[in-house]
Each structure stands twice: as structure tokens, then as C-alpha cells.
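K.L.:
Numbering-wise (the working numbering), the sequence shown opens with residue 148 and increments by one.
Quick reminder that beta carbons are idealized off the backbone N, C-alpha and C, glycines included.
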Amino acid sequence: MKFFVRGVCVLALLFAFAGNVFAQSNQPDQGAKSDVKEAGSSTKRAIKKTGRKVKKGTRKATHKTAKKTRQGAQKIEDKTEPQ
């Protein structure tokens, strides 16, 4: 009786694992190729994002510098104005 129960359990496990093997074999294995493509896309997104941030920072710095230059020029003009 024990032998029969073990045999049924073993067969059930074999059928369960066999189903997994057949389910996975239908998918093409494109692992390395898709990994490289994903890495390239990620790099592209990162470079674009970095470029946008640099552009924004440069623009802010330029505007702030111009503003401070105007303020400094105004102070000099006020100090040198004849009274």
C-alpha cells in the first residue's frame, strides 16, 4: 500500500514539473539581446535627463548672474552720481 501511495505521489510530481518544462520551452530565449537593448535605452534616458538638468541649472545661473550684475552696476551708478 505504501508503495502505491509513493508511486502516485511521484507521478503527480512528475506531471507537475513536466507542465512547467513545456510551458517555458515555448518562449524564445532572447535574454542577452533584450538585456543589452534595455541597458541602452536606460542609458539614453539617463543622458537626456542629465542634459535637461544641466540646461536648467545653467539657465538659472546665467539669469542670477545677470541680475546680480545689474544690481551691482546700479549701486555703482548711485554712488558715483554727482550730488
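DSSP state of Q230, grouped into three classes?
P.N.:
Coil.
K.L.:
How many Å lie between A213 and T190 at the Cα?
P.N.:
Roughly 34 Å between the two C-alpha positions.
K.L.:
Express the C-alpha separation of K202 and V183 in angstroms, rounding to a whole number.
P.N.:
Cα to Cα, V183 sits roughly 29 Å from K202.
K.L.:
Tell me the rounded alpha-carbon separation between Q218 and A208.
P.N.:
Roughly 15 Å between the two C-alpha positions.
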